[in-house]
Amino acid sequence: MDRMFRVLAFWTGIFAALFYTGEFIGMSVLFLAQTIFFLGVGFLNLSERLYMYIFGGYLTVFMVGFTYYATFILEPGFGH
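Those letters in the sequence shown? Residues 1 to 80, by my numbering.
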């Protein structure tokens with residue numbers, strides 16, 4: 001399971017680089033923070049159960065943040 005967190009760190013790092021290339025600096029910093037988090041957790045050598053709890057907590061925080069953003073912050077517009 002620790003390898004999967006390193007794989008997540010790799011892919012979030014790729015996305016951070018792509019967002020930086022596309023001049024989305026805020027999104028790039030967000031994905032860089034996720035990369036550091038996943039890389040740090042990937043080298044902790046924890047139990048499988050604890051890795052699953054950490055990942056479940058990460059998904060919960062993501063869904064709460066995404067729902068808040070989509071409900072209260074996002075201004076939909078398709079013609080811009």
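A virtual CB, placed ideally from N, CA and C, is assigned to each residue, including glycine.
Contact between the region 1-13 and the region 35-48 is present: 3 or more CB-CB pairs across the two stretches fall below 8 Å. Across the set Leu50, Val61, Glu75, the C-alpha of Leu50 shows the shortest separation from the C-alpha of Asp2. The straight-line gap separating the alpha-carbon atoms of Phe31 and Phe55 is approximately 16 Å.
Here Glu48 has Met1 as same chain residues with Cβ atoms under 7 Å from its own Cβ, once five neighbours each way along the sequence are excluded. DSSP places Tyr53 inside the alpha helix (DSSP H), whose first and last residues are 48-68.
For Thr35, the enclosing alpha helix (DSSP H) covers residues 25-42.
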